[in-house]
Amino acid sequence: IEKDDTCDELNENRVSGKFALSNSCGQQGLSYQDMVCESSDVPDMACQVNPRMYITAVTYDRTLGAPPALQCGPRSRIPFVGYWDPAQNAESEFEAFANLNGRTDVEGCCWW
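Quick note: the sequence shown, position 103, residue 103 per this note's numbering, numbers continuous.
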């Protein structure tokens with residue numbers, strides 16, 4: 001994992017002017033679920049992905065119009081996610097909306 005990746009992550013990648021709530025699974029071309037720590041000096045200390053984990057991040061951008069904190073959870077609890085519309089200052093969760101990686105769910109993505 002590179003410096004500054006995933007820890008205290010904010011939702012900052014826009015898709016058609018909106019913030020995909022599935023950015024919890026990756027931004028900037030990264031897939032958080034697939035990231036591993038690779039080092040010849042240190043044993044692998046990465047946790048196994050837990051698809052049943054449900055959590056909401058503590059850190060988020062508190063400026064007006066900014067999207068809410070990242071969230072992840074199993075498809076059984078959150079089948080799909082929508083987007084945050086900064087122009088409306090509101091979340092749309094009635095239809096699936098993909099992030100730039102094509103994700104519309106947040107299962108197994110609790111690693112920011």
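For glycine and all other residues, C-beta sits at the position ideal for the given N, C-alpha and C.
Per DSSP, residue i forms a beta bridge with which residues?
i	result
residue 57	Note: residue 57 sits in no beta bridge, so no partner.
residue 91	84
residue 25	Its beta-bridge partners do not exist; DSSP assigns none.
residue 15	18
Could you check where the beta strand (DSSP E) with residue i kicks off and where it finishes?
i	result
residue 20	18 to 20
Classify residue i as helix, strand or coil using the three-state DSSP reduction.
i	result
residue 110	coil
residue 33	helix
residue 47	coil
Would you kindly work out how many angstroms separate the C-alpha atoms of residue i and residue j, rounded to a whole number?
i	j	result
residue 62	residue 68	8 Å
residue 57	residue 41	30 Å
residue 66	residue 50	28 Å
residue 71	residue 88	20 Å
residue 59	residue 11	10 Å
residue 18	residue 48	31 Å
residue 83	residue 95	9 Å
Mind checking residue i: buried by the 16 CB within 10 Å criterion, or exposed?
i	result
residue 105	buried
residue 9	buried
residue 24	buried
residue 81	buried
residue 90	exposed
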